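One structure is given below, encoded as structure tokens.
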Amino acid sequence: MVVFLLEVEGLALVGLVKEVSLEDCEVGPTRRSKIRVVLLDGRSLESECMLYERVVRSYLALSKYVTLGKSIGRALTEEETAKRVRFDVE
């Protein structure tokens, strides 16, 4: 499912993203790429295709966000948190 990049970053920052990857959409005069993430519940989301130069910066930030999101101490387990959050991406 295609979502805005800002939504993907938000999910990663609160610790709901398990994996993040960078994928090429088009290779030509201008390289375009997208970010694909896998959420804790197994769903896969991807950003829209954008210029590689922009997407690679977001990818690097997302990689850090995933690590940061996992390190934030919470009273709830990750599964309980995921159940309480409503995704507006469906």
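Heads up, the sequence shown is in my numbering, so the first residue is 1239 and it goes up one at a time.
Just so you know, even glycine gets a beta-carbon here, dropped at the ideal spot from N, CA and C.
Only a predicted model underlies this, so the values are computations on that prediction, with no experimental measurement involved.
- Val-1252 has its alpha-carbon roughly 5 angstroms from the corresponding atom of Gly-1307.
- Taking the Cα positions, Glu-1247 is about 19 angstroms away from Arg-1270.
- Bridge pairing for Glu-1264: Arg-1270 [DSSP].
- When rounded, the separation of the alpha-carbon atoms in Asp-1279 and Leu-1249 is 12 angstroms.
- Closest option to Asp-1262, judged by alpha-carbon separation, among Leu-1298, Met-1239, Leu-1289: Leu-1289.
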